[in-house]
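The working numbering runs 1240 ahead of the 1-based position in the sequence shown. Worksheet: the structure to be examined is printed underneath.
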Amino acid sequence: MKNHQEHMEERHTMKITLGKNEVQNIHKAMRGVVPRRSGLPVLKHVRFSAEPDGRVYVTGTDLERTLTMKIAPRALDRSGNGTDSFLFPASELLELKKTMKKADVVALETAGEETVSLSVSTPAGNLSRAVPVMPVDEFPEDPADMPLEECDLGDFMSAFRTVAFSAGTSDSRPALTGVYLHAGKNSLVATDGRRMTVRKLENIPVSNDAILPANVGAMSLKLGETGRLGLVFKDDNGTLEIRTDTMRYVTRCIPGTYPNYEQVAPKDLSGYRAAFHFMDADVDALKTVLP
């Protein structure tokens, strides 16, 4: 996944052909990072890029998070041998997801710097139209690479999801809206001030503590999938990267100091009695945690 800006000296025509399943997978992944509303119109687009070796990637970002996923199109045709890219509105992907049938195929072809030709082939015939897009030069640069360590991402993400439901939602306490990665204790912690969940892992391959956005748990990594994890700080601002063979996800950490949760949780539960009252949402969350 090379930095896109390194390959913008020369443009060539490119045509990507996708089936309904490919469109659905792209939309499902990108809807978590592409903003529905933004003062920057370019952020409402995703970027399709083809590498010299034929690999094809789709990238979306809201400037806080960036997701790049590898896709397998039905066909790829292009005039050059370098890295070629174009932007395409996320809203058009949503419309294609809604309207395409199982047997339909869509082709996206560059037709100038600010136009992509969209052609849908159906058993009943073909439909074509021009889609206005923004110049690919205006898309944000890819985040810089960072040092990464191999780990069991499936196990990490499973643990992340089991605690994320306890995170708060109030903007008045931003630190509590995230999941605290306590590297020194190999623990993930989340609390909204009313409930708290702590999950210990055998190993977390980072050395710094950080508050991770709770929506990191939306990443669809299967249990047992290996990959690489990295966390770097610059001027007290943390950035987390998750990478596998098919995707790269980079997100900014939440700034602030997390409360000392160890002072709240009782260390000795012997003889401890308490009454627990669960809301419906808590019951659903517990079903994902308990065996």
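Quick reminder that beta carbons are idealized off the backbone N, C-alpha and C, glycines included.
Query raised in the report: Excluding five sequence neighbours on each side, which residues of the same chain lie with their C-beta closer than 7 Å to the C-beta of residue 1334?
Result: 1267
Requested in this report: Please name the residue in 1500, 1468, 1467 and 1283 whose C-alpha comes closest to that of residue 1416.
Outcome: 1500
Requested in this report: Flag this pair as yes or no: are the beta carbons of residue 1373 and residue 1441 separated by less than 8 Å?
Outcome: no
Query raised in the report: In whole angstroms, what is the alpha-carbon distance linking residue 1278 and residue 1263?
Result: 23 Å
Query raised in the report: Taking the DSSP output, what are the residues bridged to residue 1317?
Result: 1255
Query raised in the report: Which of the three DSSP states, helix, strand or coil, is assigned to residue 1209?
Result: The chain is shown only over 1241 to 1531; residue 1209 falls outside these bounds and no answer can be derived.
Query raised in the report: So what does residue 1368 bridge to, in DSSP terms?
Result: 1359
Query raised in the report: Short check: CB of residue 1260 to CB of residue 1317, under 8 Å?
Result: no
**Report entry** Sequence-distant residues of its chain with Cβ nearer than 6 Å to residue 1246 (five each side left out)
**Finding:** Residue placement at residue 1246 cannot be trusted, given a pLDDT of 48 that sits under 50; what the coordinates show is reported in the next sentence. Counting only Cβ-Cβ distances below 6 Å, and skipping sequence neighbours, we find nothing.
Query raised in the report: What's the C-alpha gap between residue 1484 and residue 1391?
Result: 10 Å
Query raised in the report: So the alpha helix (DSSP H) residue 1532 belongs to, where does it begin and stop?
Result: Nothing about residue 1532 can be reported from this structure: the residues present for the chain run from 1241 to 1531 only.
Requested in this report: Between the Cα of residue 1336 and those of 1491, 1369, 1350 and 1404, spot the shortest distance and give me the residue it belongs to.
Outcome: 1369
Query raised in the report: How big is the Cα-Cα spacing for residue 1431 and residue 1422?
Result: 14 Å
Requested in this report: Could you check the C-alpha separation between residue 1526 and residue 1407 for me, to the nearest Å?
Outcome: 14 Å
Query raised in the report: Does the Cβ of residue 1453 lie closer than 7 Å to at least one heavy atom of the ligand MG?
Result: Of ligands this structure carries none, so the ligand MG is not represented either.
Requested in this report: Can you say whether residue 1276 is buried or exposed, counting buried as having 16 or more other CB atoms within 10 angstroms of its CB?
Outcome: exposed
Query raised in the report: Taking the alpha carbon of residue 1304 as the point to measure from, which residue in 1298, 1380, 1294 and 1357 has its own alpha carbon closest?
Result: 1380
Query raised in the report: For residue 1353, which residues of its own chain have a beta-carbon under 6 Å away from its beta-carbon, when the five flanking residues on both sides are left out?
Result: 1375
Requested in this report: Take residue 1265 as the anchor and find which of 1389, 1290 and 1310 has the nearest alpha-carbon.
Outcome: 1310
Query raised in the report: What first and last residue would you give for the alpha helix (DSSP H) that runs through residue 1498?
Result: Taken as a continuous stretch (DSSP letters only), residue 1498 belongs to no alpha helix (DSSP H), as it is neither H nor E.
Requested in this report: Please name the residue, chosen from 1306, 1445, 1281 and 1291, that lies closest to residue 1273 on a Cα-to-Cα basis.
Outcome: 1306
Query - Chain-order list of residues whose beta-carbon lies under 6 Å from that of residue 1481 (same chain, five-residue window excluded) - result: 1386, 1470 and 1490
Query raised in the report: Three-state secondary structure (DSSP) at residue 1347?
Result: strand
Query raised in the report: In its own chain, which residues sit with a C-beta less than 6 Å from the C-beta of residue 1451, not counting the 5 before and 5 after it?
Result: 1415, 1418, 1420, 1493, 1494 and 1498
Requested in this report: Using only alpha-carbon positions, find the residue among 1504, 1314, 1361 and 1331 that is nearest to residue 1218.
Outcome: No answer is possible for residue 1218: it lies beyond the span of the chain, which begins at 1241 and ends at 1531.
Report task. Please state whether DSSP places residue 1453 in a helix, a strand or coil. Result -> strand
Requested in this report: Assign residue 1308 to one of three DSSP states: helix, strand, or coil.
Outcome: strand
Query raised in the report: So what's residue 1526 in DSSP terms, helix, strand or just coil?
Result: helix
Requested in this report: Please report the Cβ distance between residue 1286 and residue 1330, rounded to the nearest whole angstrom; I am assuming they are in contact, meaning their Cβ atoms lie under 8 Å.
Outcome: 6 Å
Query raised in the report: Does DSSP classify residue 1569 as helix, strand or coil?
Result: Given that the chain is displayed from residue 1241 to residue 1531, the structure contains no residue 1569 and the question cannot be resolved.
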